[in-house]
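Structure first, commentary second.
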Amino acid sequence: ELCMKFSIGSQSWIRCPLAGTIKAWEVVMTREQGQENLQLLSMITATFSLGLCTRSAGSSECQTTKTKTVHVEEQKAVDLK
């Protein structure tokens, strides 16, 4: 199962699957011309440190495989490539 861990300061969230709204920000997956696109939208201007992680079947641990820092302006979606 593919999951993402989002961290802001000392707080972090793991979300599987990558859809849905979380209070101050939202991750949106769209499909255009057969290509999937993942975007981050924030209700406030913020810098996010995103970790892409995978969770093995039956495990509560999510192993980070890639980390990326993203700056998001208020109400402006940013592509997560």
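Counting in the working numbering, the final residue of the sequence shown is number 107, and the numbers go up one at a time with none missing.
Beta carbons are placed, not taken as given, at the ideal position from N, Cα and C, and that holds for glycine.
Please look up how many angstroms separate the CB atoms of residue i and residue j, rounded, as I've assumed it's under 8 Å.
| i | j | result |
| --- | --- | --- |
| residue 66 | residue 74 | 7 Å |
Considering only the alpha carbon of each residue, which of the options lies closest to residue i?
| i | options | result |
| --- | --- | --- |
| residue 102 | 95, 77 and 69 | 69 |
| residue 99 | 52, 88 and 90 | 52 |
| residue 71 | 97, 30, 88 and 90 | 97 |
| residue 93 | 85, 104, 59 and 79 | 79 |
| residue 90 | 105, 83 and 76 | 76 |
| residue 50 | 59, 39 and 58 | 39 |
| residue 34 | 107, 54, 95 and 84 | 95 |
| residue 104 | 37, 87 and 54 | 54 |
| residue 81 | 106, 58 and 41 | 41 |
Taking the beta strand (DSSP E) that residue i falls in, what are its first and last residues?
| i | result |
| --- | --- |
| residue 55 | 51 to 58 |
| residue 90 | 88 to 98 |
| residue 106 | Careful: residue 106 lies outside any beta strand (DSSP E) and carries neither H nor E. |
Skipping 5 residues on each side, what residues in its chain have a beta carbon closer than 6 Å to that of residue i?
| i | result |
| --- | --- |
| residue 56 | 63 |
Suppose the cutoff is 8 Å on Cβ atoms and the five residues either side in sequence are ignored; what does the same chain contact list for residue i look like?
| i | result |
| --- | --- |
| residue 60 | none |
Here's a check: name, in chain order, each residue in its chain whose Cβ is nearer than 7 Å to the Cβ of residue i, leaving out the five neighbours to either side.
| i | result |
| --- | --- |
| residue 107 | none |
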